[in-house]
Each structure stands twice: as C-alpha cells, then as structure tokens.
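The structure appears below as structure tokens.
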Amino acid sequence: MNATRLIIVAVGGQGNLLASKVLGEAALLSHVPVRMSEIHGMAQRGGVVESAIVFGDAESTTISDGMSDVLVSFEPAEALRALNKCNSRTVVITNLSPLSPFTVTIGRGTYPSLTKIQELIRKKTAKLIAYNAVDIAVEAGNIMSVNMVLLGSLIQTEILPLPAENVRKAIETRTKKAFVDINLKAFDLGFAIAEAQSA
Amino acid sequence: MHKLLTDQQGTKLLLLGNEAIARGAIEAGVAFASTYPGTPSSEISLSFFQVSQESDLYFEYSTNEKVALEVAAAAANSGVRSMCVMKHVGLNVAADVLMTLAYIGVKGGLVIVTADDPFMFSSQNEQDNRYYGKLSGLSILEPSSVEEAKEMIPYAFDLSEKLEEPVIFRTTTRINHSTGPVVLGKIKRPVPKGDFTKDPFNYVTVPAVSRKLHIKLLANIEKARKLSNKTPFNFTTGKGEWGIITNGVSYNYVVDGIMDMKILEKIRILRVGFSHPMPGELIINFLKQCEKVLVVEEGEPYMEEAVKAIAQEEKLTLPIVGKREDLFLRLYEFNPELVKQCISKFFDIPYEPVVIPDLTDIPDIPQRPPTLCPGCSHRATFYAINKAAEGMDTIYPTDIGCYTLGFLPPLMMGDFLICMGSSVGTSCGFSQTTDKKIVSLIGDSTFFHSGIPGLINSVFNNHDFTLVILDNGTTAMTGHQPNPGVNMKELNFDGYGRVSIEKVVKALGVQHISLIRPFNLKKSISAIKDAIDYKGVSVVIAQELCTLYARSLKKKRGRPFFVSDKCSNHRNCIDELGCPAFYLQGNSVKIDASLCVGCSICAQICPENAIQPLKKSDNKQDS
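Those protein sequences? They're chains A and B, same order as listed. Going by this note's numbering, the first residue of the first sequence is number 1, and it counts up by one from there. Going by this note's numbering, the first residue of the second sequence is number 1, and it counts up by one from there.
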C-alpha cells in the first residue's frame, strides 16, 4: 500500500493529539499500517504542536518538507506557517477561527488577514477546505469538539485509506463516554461541510 | 488495569515509544525502576509510576540521575532486574556511577535508558551518548522503531545478565515520541526481592580491587563483541555493491528512500542495533562485498570512525563516507528527504526532489514562543526581583525548568545557564569576579537535584549573592512529577517523607533566609531587597503552587479580574508582566476571564487601581 502522509498542526490545548489517537486507532481497525510522531515540546505553554502520521507502507514516522499529501490545521495562521510541508498536490483543511498569538493580542504583531491566508494556500496547493470549525463545534454541542469536526472533513476527502465507519468506531472507543454523541455529531457536521465545499 | 499490564499475548496496541519501552521492561520482568524525569524520556517513568501502583514493580523518582543509578545499581547487585531511566544529559550527572559500576558489574539485569535529543527539541545540547559505551566499556543497544524498542528491552536484560554488566539502551526523541502498533508478548513475573552476598574484594573499588576489575571489564567487552557479531539486531539486507551502514531512525529513512528511488537491487544495508562494541567481523564481511560505503547516522561520526578503523586494519581501501560538508552534518536530526538526497549524491543516482511551493510572498506570521502561564507565580517573583533590584547592576544566573522562560521579554530574568544546578555554582564565580549584584534563580526540584552542593560551597567560601528558590511544589516543566519537597499526602500517596527546603537551607548555614508569597508583591519586593542588601549568601524561598498543578489538584482558584473604565492606558500590566490573559480590544486593555486565575499581580501594579475582581454575577461578561 502506497504511503499517505498527513500533517496536523495546532496550538497547544486544541485537542489535536486526541485526533491523531483516533486516526491511529481507526488505522488499526482497518488493518492499515500506521506510524506517527509528535513534537509537543511546550504544548501547555502556548506553543505549536505538530503531528506527522504516515499511513501505508513506510518505515519513517516523520514527514519532510513538501511531502504531506494532506495538511489539517486547527488554526488559520498555523496552516500558512505549515505550507513548507505541502506541495502543489497537497490538500489543505483548516479551521478559520484564529487564536491570536500573545504578541498580536498585545498589539506587537499583525495577524495576517483570513482572506489573504486562504488566497495564498489556494494558490500554492491543490485544494483548500476552510471554515470556522469552532462555530461547527458549538453547533455540535461542545466547543472542544473542533478536532472531531476537522476529522470529519479529513475523512470526507478520502485521501486517507480509512473508511468513515472505522473512524466513527474509533471515536466511540477512544474519546470520553460523556462526549461520544457530541463527537460523532461534530464528525458528521465536518464531513458534510467538506462535501458541500467540494461540490 | 493499566493497559501496559494487559496479559494477552498477541494483542496489538498503539503505543507511544516510551510506553513500548516500559512494556518491554514489564515483559522482561522488571521489578525495580528509578529515574529523574527529563524530556524525551519522561513517559517511560510515568508509565512505571502508574504500573507500580497496581503491580509488584518498585518505582521511584530519585533526587537526581546519579542517585537514581546508584539506587538501581544496588538493586541489580541484589539480583533484582532493574531499569534506570534518564534523558541524555542525565547520564552526565550519573557518569561517575556509570564508569565504575562497569568495573563492578551486576548480578540481576540492569538496563540504563538514555534518551538523546537530536535538534534539541527540549534540551540544552545534542550530545551523542553512544560515546558513553566506548567510554565505559558497556554494551549499547539502539532501536529503529517503536516496535523494535519493545522487542529489544527483554534482549537487553538477558544480555546484561549474560555479561554481568549494565546495558545502555539509547533512544532518540523520534523513538520516544513516535507511536506505532506493538504486538504484546508474554509478561514475566517480576521478582522484587533478592539478596546481596558480601564479596568486598570484588565490590569495594579500592585501587587493588579496581586493577583486577578493569581486567574483567576488558574481557567482558570482548565477550560482548562476539555477541554483537551474532545478534539479530545487527543485520544485513540486500545484495548490491553500494553499501549503507546505518542505525536508529536513520535506518527507516534509508529503507523508505531506496524504495522510493527504486534502487533496491543496487544497495546492501548493514543496520546496527547493537552499537557498542561495534560488530567487527560483520563489518569486515560487509565492506568486502561493497564498492563504496555511506554511513548514515545522526549526531557524531561514531560508527563512521569505527568502520574506518576496521577497514584500515583489514587494508580495505574502498571509500567510506558519512559526515562531510556536502553530505551529512553533525547537526540536528535527519529526515527522509535529506537522507534520500545524500544517497543520490553519494552514489550518483538521478533524483528529483519534490518541489516545495515558493513561499517568498508569505507575510510574516507572528511567532508563538512558549510563555509562562496566566497566573504563574514565577511571573510575580520575577517582577518582584526586577523591582527590588531597580537601579542596580545585576546578573541573573538561571536554571532548568519553566522559569527558564523568564529570560524572554518583558521580564528578562535569566542571563546564564549551563545545566541543572548551575545557577548556584556560577553565582559563586560571578560574585567573586564582578562587582555586580548577583541574583540566582532555581526551582524546587532542581534545587534538590543539584543546587544543594553549590549552596554549601557558597556558605563555606563566603560568596555574596542572593539565591531565589522558586518553590512551586512540583516538577512542573516535565509534567508535574513529585520531588522530595512535594506533599505526597495531598496526592493520596502514603509512605513518603517530605523534605523542607527552608530547613535544608537553614541547616547548610545560610544566615539570611526569607520566605515570600509572590502574589503579595509589596512584601515580596521588600524581602528580596533586604536579601540583596545582605552581604554574604542570602536565600529567598518563593512559595506558591504551580497554577496548572493547583488546577489538577482542584484547588480553589481566585476570581478572574477585569479592567474597569478607570484605566487610562498606562499599560504597565501588559508591558511589565506579559501575562497571556491580556488582550487589546481596539485601543483598550482587556482580560480574558477564561484564562485569568485571579493571581491579582496586575491589579497590584496598576497605577489607577483599574483592575478589579469580577463579581460572581459578572462572571460571564468578559469571557
């Protein structure tokens, strides 16, 4: 099975590690080889967290610059920052709700405009799916389910060799019981949005 | 039951590298484990800590790596299978033990895990600990993957018992923090009690004994060399004439690279997983079948040097290259593309790298440097020191922990840092050779780890500086591990003692000691000022729980604050504290009530008293 490479970027605390865990579990259920690596140096202290997940036949757990098939970003400026991981065939999925770095909130830096961010990503990659995933998470019933919303969109693109039903199963077993229903709803809403944006 | 205690052979679990290492030890019947936490090794210890609560495993967080290795050395010499876990620089602290323990050896298996950190994701250097194998004479094993890490640990224990020597298990961050599917093996029952048989002429390392033990060690290295030539962890694949010798995660990059470049039939690989002693015979056979050889290893040219020396002895003249300006550097970590490019260059294979989009038109993206948390007591202490030392010419030697982040603006508290405990020792030197005021910063865990000898030195040699001990009641940076000052009862653990930092400092003979609560700024500033003015060594102990730790203990948090309309935009709060709970709305300063924990520092420094606690009923207003 050819390797498919996924990069997930987020700001510490956004729940991307749980997203990777769900994908890893879904890969096990689907008998798809999976390996991942995470750099979460100072996640609790506001830094960027990056996960690399390689599905299929490859030994490496890291992904070089330009080598991701799909990039999922939990934060718009981080999607832009991670463009070095993409190439002209990469599909990018990003949340459009910004988390301002502290330097920006106190007026010592400028956050790039959302229009500009989307325009640049569209120009340099194959496809961009972008929307406010926080709003969707709230609609699903929990602001913390942004990770599940984005997973829904990711699975809809069918870039990963994982059937949606196995990802749903992994959400049922790997996320907290009390949140399973909300998480599944968030997943379905994210799936639907990606479908709508691809139509 | 803890997932690492799952006793179902053949079950496939998705494990973090560090969990896989812990599981490997459990399958090997590890009965005793000690550590000092350090990224990227910390989750191994965390797993042991959790598992020890529901099994016969004894586990301890030791005061530092040297103590951890001494503790484990005694356990292993009582015949108990033991593991000692640390990050790469921890082995420097434990090196004194390591070097002579190699002379004495062990009875029960002892595996020492050292987690190297190429690229220094969370370390002060990227030293290559394979040289410790050469330096001490001990065997080194290094896995290439999460799965192999689990498989290798039981082998490491067997090897240790066969050689009657400790074995060093060396990882890199990309093993520790990678995740992969692991097939569980059988768990061996741990035997937690052993016995020590007196044999002073083999255990008490006076010169006459050590002269004899050194002969034994050298003989053991030869025994290990034979095993290194036979072990399944050193293997060759492929039949080509282009040789690649590689280890660790680099092996994965090589395998993926030659698959991608479709040059499988041209390449022959020697993967080295048992890297000290290097497998000489295997290498000779390999070299004889190659036209030229590329050595692919992160870090130092450890294998390259060994391979070149072996080739010289065998009068083999083929090109052997690894580290070279236009190929692999000794810097940072490798990645799959880099390895591919070097293979293509060295063997002259056409290869077109993927085109990375032109990023020159991307605007500057604001960075997200890690910052002290909202409500972090270190921010308050640093502010108080800055105020107390206003107008003075100062040097702030700092140490390793969250508080190291204080060196960034706006607090700028931190001028010199070498290693754990260096704040105190370097303060002695700075105070002697400069006329500046020295205020030294150290955390509670680091103080216990290696700050105490420096402080004794300063009392004895009568140095003149102020040591501020930032006691936040936990080892915060690495994930809230206990340390000797922690109240373990509060965590529902019985059977632990507790060491009072204040009593230690008093007992060392420090004459000027003050205790402050950093959230009381006025008193803190005045106490620090008094301490700085004191001629001689003074100690200030700043006591306030780490805000994240307090949250996990479900301690009551203060009410969040808000900025009232009395604010006239002096912005002392933003400019001098840099708390992430602040933001600007238009031109006015606001506080994010969901981040504010009510430490009240900003309220205390606001010239207009414009920052006030939210009333219970307004709680929603600002969030």
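C-beta: ideal position from N, C-alpha, C; glycine also. Here the structure is a predicted model, which is why all the values come from computation and not from measurement.
- Between the C-alpha atoms of A/L96 and A/G24 there is a straight-line separation of about 25 Å.
- Under the Cβ criterion of 9 Å, A/M67 is counted among the residues facing chain B.
- Spatial neighbours of B/N64 in its own chain (CB-CB distance under 7 Å, excluding positions within 5 residues in sequence) are listed in chain order as Y36, V93, H449, S450.
- Contact between B/N472 and B/C546 holds: CB atoms are separated by about 4 Å, below the 8 Å threshold.
- For B/G578, the nearest beta carbon of chain A is closer than 9 Å to its own beta carbon.
- Taking C-alpha positions only, B/S564 is separated from B/G598 by approximately 15 Å.
- The three-state secondary structure of B/H570, taken from DSSP, is coil.
- Taking C-beta atoms under 8 Å as the contact rule, A/A26 and A/L162 qualify, at a distance of about 5 Å.
- Taking a C-beta cut-off of 8 Å against chain A, none of the residues of the segment 195-214 of chain B qualify.
- Residue pairing by DSSP puts B/S440 in a beta bridge opposite B/L467.
- Across the set A/T115, A/S60, A/L120, the C-alpha of A/L120 shows the shortest separation from the C-alpha of A/C86.
- One finds I574, G578, F582, Y583, L584 in chain B with Cβ atoms closer than 8 Å to the Cβ of A/I106, taken in chain order.
- Residue pairing of B/P397 in beta bridges, as defined by DSSP: B/F416.
- Exposure of B/P409 is indicated by the presence of fewer than 16 other C-beta atoms within 10 angstroms of its C-beta.
- Contact with chain B is found for A/K116, since one of that chain's Cβ atoms lies less than 9 Å from the residue's Cβ.
- For the C-beta of A/N87, the chain B residues within less than 9 Å are, from N- to C-terminus, V354, V355, I356, P357.
- Linking B/V424 to B/V85 through their CA atoms gives a straight-line distance of about 26 Å.
- Residue pairing by DSSP places B/G243 opposite B/R268, B/V293 in a beta bridge.
- DSSP places A/I7 within a strand segment (E or B) once states are collapsed to three.
- In the three-state scheme derived from DSSP, where H, G and I count as helix and E and B as strand, B/G180 is classed as strand.
- Separation of the CB atoms of A/I129 and A/I93 is rounded to 5 Å, and the pair is thereby assigned contact status at 8 Å.
- When C-beta distances to chain B are compared with 7 Å, the residues of the segment 50-67 of chain A below that value are A58, E59, S60, T61, T62, S64, D65, G66, M67, in chain order.
- Along the segment 69-92 of chain B, there is no position whose C-beta sits under 9 Å from a C-beta of chain A.
- B/S82 has its alpha-carbon roughly 6 Å from the corresponding atom of B/A72.
- For the segment 119-133 of chain B, the beta-carbon criterion of a distance under 7 Å to any beta-carbon of chain A is satisfied by F121, S122.
- When only Cα atoms are considered, B/F196 and B/G105 end up about 13 Å apart.
- Judged by DSSP secondary structure, B/E60 falls within the beta strand (DSSP E) whose first and last residues are 58-61.
- If you look at B/A603, you'll find it in the alpha helix (DSSP H) that goes 601-605.
- Within the same chain, G322, K323 come within 6 Å of B/P301 by CB-CB distance, once the 5 residues on both sides are set aside.
- For B/Y131, the uninterrupted alpha helix (DSSP H) run begins and ends at 130-136, by DSSP.
- Under the DSSP definition of a beta bridge, B/R170 partners with B/T114.
- Between A/N84 and chain B, the shortest Cβ-Cβ separation is below 9 Å.
- Of all residues in the segment 25-37 of chain A, those with a C-beta nearer than 9 Å to a C-beta of chain B are E25, A27, L28, P33, V34, R35, M36, S37, reading in chain order.
- When C-beta distances to chain A are compared with 9 Å, the residues of the segment 178-192 of chain B below that value are S178, T179, G180, P181, in chain order.
- Chain B has no Cβ within less than 9 Å of the Cβ of A/R122.
- Excluding the 5 residues flanking it on each side, A/R89 has same chain C-beta neighbours closer than 6 Å at A126, in chain order.
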